[in-house]
Amino acid sequence: MNLRHKLLVTLALTAFLSVAAVAWIISSLVRHSFEETNQQRASALIEQFRRDFARQGEDVVHRVETIASGEAATRLALALSHGSPDYGAYLNEVKTIAESQQLDFLEFVDGQGTILSSAQWPAKFGYKDAQSTRSVPREAFLKREELPDGAALGVFAIREVRVGDKPLYVIGGRRLDRNFLARLEPPPGMRTMLYQNLENGFSPKLLINSSGAVGTADPVVSLIQQVQRQSREVTALIHWSPNAADDETVDAIPLTGLDHELLGVLLVADSRRPYAEIRRQIRTAALLGGAVGMVLAVLLSGWAAARVTRPVEQLAQAARQVAAGDWHTQVTITSADELGELAGSFNRMTSELLQQKEQLVQSERVAAWRELARRLAHELKNPLFPLQLTVENLLRARQQSPEQFEEIFKESSATLLAEIANLKTIISRFSEFSRMPQPQLQRVQVNDVVDGVMRLFQAQLSTPERAPIECKLELAEVMPTIAADPELLHRALSNLVLNAMDAMAQGGTLTLRTRRAGEWAVLEVADTGTGLTPEECERLFTPYYTSKAHGTGLGLAIVQSVISDHGGRVSVRSESGRGTTFVIELPINTDKLQAGQVAAATS
Amino acid sequence: MKRTGFLLLAAASLLLAVEAGAATRPHYGGTLHVCLHAAPASLDPNQAEWAGSAALFGLLFDTLVALDDQGQSQPALATAWQAESGNQRWQVALRRGVTFSDGMPLTPDIVAASLRAMNPTWRVFSTGDAVIIERDSPAPDLPAELALPRNSIVKRESGKVLGTGPFVVTQWDAGKKLVVTARNDYWGGRTFLDSIEVEMGKNFHEQMVAFDLGKAQVVEVASEQARRAATEGRRIETSAPDELLALVFEREPQSAADSKQREALALSIDRRLLNSVVLQNGGEPSGGLLPNWMTGYGFLFPVEVNLTRAQQERAEVPETSVWNLGFDANDPIERVLAERIVLNARDAGLRLQLATGASDIKLVRVPLASLDPQVAFTALAAALGVAQPRINGSSLDDLYMAENALLKSQRVIPLLHLRAACAVSKTVRNWGRTRGGLWRLPDVWLAAERP
Chain E
1 MNLRHKLLVT LALTAFLSVA AVAWIISSLV RHSFEETNQQ RASALIEQFR
51 RDFARQGEDV VHRVETIASG EAATRLALAL SHGSPDYGAY LNEVKTIAES
101 QQLDFLEFVD GQGTILSSAQ WPAKFGYKDA QSTRSVPREA FLKREELPDG
151 AALGVFAIRE VRVGDKPLYV IGGRRLDRNF LARLEPPPGM RTMLYQNLEN
201 GFSPKLLINS SGAVGTADPV VSLIQQVQRQ SREVTALIHW SPNAADDETV
251 DAIPLTGLDH ELLGVLLVAD SRRPYAEIRR QIRTAALLGG AVGMVLAVLL
301 SGWAAARVTR PVEQLAQAAR QVAAGDWHTQ VTITSADELG ELAGSFNRMT
351 SELLQQKEQL VQSERVAAWR ELARRLAHEL KNPLFPLQLT VENLLRARQQ
401 SPEQFEEIFK ESSATLLAEI ANLKTIISRF SEFSRMPQPQ LQRVQVNDVV
451 DGVMRLFQAQ LSTPERAPIE CKLELAEVMP TIAADPELLH RALSNLVLNA
501 MDAMAQGGTL TLRTRRAGEW AVLEVADTGT GLTPEECERL FTPYYTSKAH
551 GTGLGLAIVQ SVISDHGGRV SVRSESGRGT TFVIELPINT DKLQAGQVAA
601 ATS
Chain G
1 MKRTGFLLLA AASLLLAVEA GAATRPHYGG TLHVCLHAAP ASLDPNQAEW
51 AGSAALFGLL FDTLVALDDQ GQSQPALATA WQAESGNQRW QVALRRGVTF
101 SDGMPLTPDI VAASLRAMNP TWRVFSTGDA VIIERDSPAP DLPAELALPR
151 NSIVKRESGK VLGTGPFVVT QWDAGKKLVV TARNDYWGGR TFLDSIEVEM
201 GKNFHEQMVA FDLGKAQVVE VASEQARRAA TEGRRIETSA PDELLALVFE
251 REPQSAADSK QREALALSID RRLLNSVVLQ NGGEPSGGLL PNWMTGYGFL
301 FPVEVNLTRA QQERAEVPET SVWNLGFDAN DPIERVLAER IVLNARDAGL
351 RLQLATGASD IKLVRVPLAS LDPQVAFTAL AAALGVAQPR INGSSLDDLY
401 MAENALLKSQ RVIPLLHLRA ACAVSKTVRN WGRTRGGLWR LPDVWLAAER
451 P
């Protein structure tokens, strides 16, 4: 990732995080505000429920009082005071009275608690009702009522009718059911449910709302069970579905009877849909803002990064050009800030580097000439000195011993010719180095070249005039064909073998190895001679440098020149006293061969 | 002066008597409007439901034999009958001059065909002016059986059903309305009424509303409503208790414990309170299947609640079953009855629960089919779905033994015998019904209504 991209990502992330942080803060504030409002609404509804409950109770009380003061109750009370009344006469009448007063429950009960007539359970006449034998509460109360098909909850009231000496109790009530819930009229977004605590544990069918049974009761089971255990108000967030918009905050309010027994649990549910809706809108706005911000951030940061990084990139490009050898590279100074100063510094640096390079080249050239002059002087001085001695010896022999002049002349002529030949050899070497040809590439089997060099030097290695050198070939079984000039390669290898032989004046082992290393063919020439110092290794390939007494210093320079012309590398590793190894790495490069060359090479 | 006064008084009395006689003298004409709860889908005795609508069939059809209020066989379409071969073969002589409503004469062939259609196991054939009926076993009660409404003589032609009754159908809207017109050529003589319009499928409340509005002159009244209707000034006619209310178990007792629970249930039910409170004395508590007025021995079957014994019986059962008690959910009084039975059973420690679907016990109402005790008993057993009782003779002792054996089988717990009641307008004169509850509509005449 380059600097521009880094800058771009940093600026975009900063913009995104800023929007996200603002959205989160707004969302938190909205949630806090919503929950406060929700709490207020829930409290209001609970208060409304209590008022409605009280009003319903008052209504029930009023209706029961109306019945108690009515003709039927009076007639029954009179009959009761005269003895055992005719139950049958009231069997259906009580139901009619209950319906006329819009009551779900109505019973006439005597002082012993015997049911004289029951609207909700007509067949129960003659049976006992425990409630009436207790004190008569003035207010309405919640009561569990047994019915033929199960129990029910109701808001009840009791009134006493006393005509004679025997009291008659009128017990009436309204069922606490979905109709009761429907009358509560909660504000929009809120609803009520009622759990009728008529069985031990939890039973889903006892949970109702204003429409009837609640379809899915599972989410509120634990809430209701908590109220059943603790008999106190509990609030919880209920998840009805995976959709957060269906969540509700539910207040569970215990409903108790005269003996404080838990008869029901009123659930006041406040929908979190508005909050979810607002949160969704905030999220949408934040995402939209974030996206727009991101785009703007990308554009702006791209523009800014471009402004910042363009001079840097120009500098980087100029540096690469300098590294590639273009020392004349200059960058354009577009600003007066730090980047402009940096560009100016770069330009000055390249200018100074160019001057120093020219100076260095000049110095090296002078040094090379000096070295060449020294080497030429050295090389030429050796043959010239015998020439001078021979000529002086001839002059002295002619003056001092004319009789022996002829013989001396012959001997001196031979010497002169030999030294002149030596001079010619030296001159031809220099000439050869100056005329190093370009390689003519063709398909070459490296092992074949190595084998040819070894055969060439086999006789010299085994001559009795020198200490014996053992020659070892460690050639790879499978070596690739490479593109190379076999003549030049042969010459380079020969030079290395000659060097090795020179290094093993006391004898030793010469090892030639080949192997493949990826796309490279590797040749190694190792000797077990005296070895080289690190300093010698460093200067070994410098032209005219030699560590030998009679070398021209051109052998390894030729090797390096040949290998370099093939696109390869040559290196040396040596350990003083244990030998030296030259390593030649040649690219396989057969793709550089032209079709004609390949065909020729193949044939 | 005394003599003159006496003469004047005598003359005035004569004038009043003439006037009164003119008001009570039967006269022809008028249409009687009747409401019924039953809604038969067919008028064919072979297909129709007879319970609750038997009165209709008496308008259109005759039987060979009729039973009087003492249950004695009386001639109807048959003038005489004679048993042969130990009551297995009966020869029935037919009345002459009887015609169907289409004017065609009644023939022995038609009678034989009609009886065969209703009684596939009978061998019935005609011979001369008589009909021969042969049974597989002695049938001493055959005349009483021939008096059953289902054995009415009918002639089937082109999908129509014709009878020899006093009226002929002029309008038939199945299950809703029937209009019949008097036949002038009825063998028993023309009825006073010109026609009768019967509205069917009306519940008791609708019938009472129609009655109070003057749209109907005869309506049925629920047993439990009869007393109140009478106290409100209506003319209420009731029958003898002729409908059995009973609990019928779906299966025979499965074990000794099952038997004890059934015994406990029978002992726990307070029949008198059911009758006096729920049914407003609309019936009579009964421990037997046949009413006491029919057999004279009905009092031998106990009706009193015995909760102590019921609890003892229950205590001998280690674990009780939960029985579903079925009842007619459309009948509110049946619901109250069933609920009361559940409460009574609970007092004995038994567990019953109301059910409108499949049930272990059913609360049923079965009207008596005949005034003949043995025929009625046999028909009751068939209607209750229990095994046909074996009656070893024709005496009441034999009938008692058979009924006692059936009750011992614990398939049925009799509760009450209910009276049928109807409200009759004051303009309807000569109203009467058989002891079995059938209306004697052909004898009715209508008086002019006075303001």
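Just so you know, the protein sequences line up as chains E and G, in that order.
Take 1 as the starting number for the first sequence in full-length UniProt numbering and just add one per residue.
Take 1 as the starting number for the second sequence in full-length UniProt numbering and just add one per residue.
Glycine included, every Cβ here is placed at the ideal spot set by N, Cα and C.
The structure displayed is predicted, hence computed values, not measured ones.
If you compare alpha carbons, which of the options is closest to residue i?
| i | options | result |
| --- | --- | --- |
| Glu538(E) | Ala500(E), Phe582(E), Ala526(E) and Ser564(E) | Phe582(E) |
| Leu387(G) | Gly128(G), Lys215(G), Thr170(G) and Phe377(G) | Reading off the sequence shown, one finds Ala at residue 387(G), where the question assumed Leu. Among Gly128(G), Lys215(G), Thr170(G) and Phe377(G), the Cα nearest to that of Ala387(G) belongs to Phe377(G). |
| Trp327(E) | Leu287(E), Ala304(E), Leu353(E) and Glu338(E) | Leu353(E) |
| Ala15(E) | Val453(E), Met294(E), Leu339(E) and Val109(E) | Met294(E) |
| Glu575(E) | Val312(E), Thr530(E), Ser203(E) and Leu255(E) | Thr530(E) |
| Ala319(E) | Ala305(E), Arg348(E), Ala304(E) and Trp303(E) | Arg348(E) |
| Val65(G) | Ser255(G), Ser152(G), Ala112(G) and Leu36(G) | Ser152(G) |
| Gln410(G) | Gln261(G), Val444(G), Val375(G) and Ala174(G) | Gln261(G) |
| Asp129(E) | Val64(E), Lys143(E) and Glu139(E) | Lys143(E) |
| Leu586(E) | Leu489(E), Gly508(E) and Val497(E) | Leu489(E) |
| Arg190(G) | Ala448(G), Pro442(G), Val111(G) and Ala310(G) | Pro442(G) |
According to DSSP, is residue i helix, strand or coil?
| i | result |
| --- | --- |
| Phe299(G) | helix |
| Ala22(G) | Unreliable placement is indicated for Ala22(G), whose pLDDT of 46 sits below 50; the coordinate value is still reported in the next sentence. Three-state DSSP puts Ala22(G) in a helix. |
| Leu368(G) | coil |
| Lys472(E) | strand |
| Ser413(E) | helix |
| Phe100(G) | coil |
| Asn324(G) | strand |
| Asp165(E) | coil |
| Lys362(G) | strand |
| His328(E) | coil |
| Ile282(E) | helix |
| Asn447(E) | helix |
| Val136(E) | coil |
| Ile269(G) | coil |
| Pro386(E) | helix |
| Ala600(E) | The predicted model places Ala600(E) with a pLDDT of 41, which falls under 50 and marks its position as unreliable, so this point remains unresolved. |
Name, in chain order, the residues that DSSP records as bridge partners for residue i.
| i | result |
| --- | --- |
| Gly555(E) | In DSSP, Gly555(E) forms no bridge with anything. |
| Lys155(G) | Leu162(G) |
| His417(G) | Leu244(G) and Glu284(G) |
| Ser571(E) | Val583(E) |
| residue 607(E) | With chain E running from 1 to 603 in the structure shown, residue 607(E) is simply not present. |
| Phe167(G) | Ala182(G) |
| Phe156(E) | Phe141(E) and Gly173(E) |
| Thr514(E) | Leu523(E) |
| Ile236(G) | Ala423(G) |
| Arg351(G) | Val322(G) |
| Phe125(E) | Its beta-bridge partners do not exist; DSSP assigns none. |
Return the chain-ordered list of same chain residues with a C-beta closer than 7 Å to the C-beta of residue i, the five sequence neighbours on each side being excluded.
| i | result |
| --- | --- |
| Val214(E) | Met193, Leu207 and Ile208 |
| Glu224(G) | Val278, Leu279, Gln280, Gly282 and Ile333 |
Counting only the same chain and skipping the five closest in sequence on each side, list residues whose C-beta sits under 6 Å from that of residue i.
| i | result |
| --- | --- |
| Phe299(G) | Asn292 |
| Glu261(E) | none |
| Thr235(E) | Asp251 |
For residue i, which residues from the same chain have a beta carbon less than 8 Å from its beta carbon, with the 5 sequence-adjacent residues on both sides left out?
| i | result |
| --- | --- |
| Ser117(E) | Leu76, Tyr87, Tyr90, Leu91, Glu93, Val94, Glu107, Phe108 and Phe125 |
| Arg89(G) | Ala83, Ile132, Ile133, Glu134 and Arg135 |
- Item | the stretch 228 to 238 of chain G / the stretch 315 to 322 of chain G touching (three or more Cβ pairs under 8 Å) | no
- Does the stretch 385 to 404 of chain E come close enough to the stretch 325 to 345 of chain E that 3 or more CB-CB pairs lie under 8 Å? no
- Item | Given 8 Å, three or more beta-carbon pairs between the stretch 237 to 246 of chain G and the stretch 420 to 427 of chain G | yes
- Query: Per the contact definition of three or more C-beta pairs closer than 8 Å, is the stretch 155 to 175 of chain G in contact with the stretch 92 to 110 of chain G?
  - Reply: yes
- Sufficient close CB pairs (3 or more, under 8 Å) joining the stretch 160 to 170 of chain E to the stretch 63 to 79 of chain E: yes
- Message: Taking 8 Å as the cut-off, does the stretch 401 to 409 of chain E touch the stretch 444 to 455 of chain E (at least 3 CB pairs, one atom from each stretch)?
- Response: no
- Given 8 Å, three or more beta-carbon pairs between the stretch 253 to 269 of chain E and the stretch 283 to 290 of chain E: no
- Item | contact_flag[the stretch 295 to 302 of chain E, the stretch 223 to 237 of chain E] where n(CB pairs < 8 Å) is 3 or more | no
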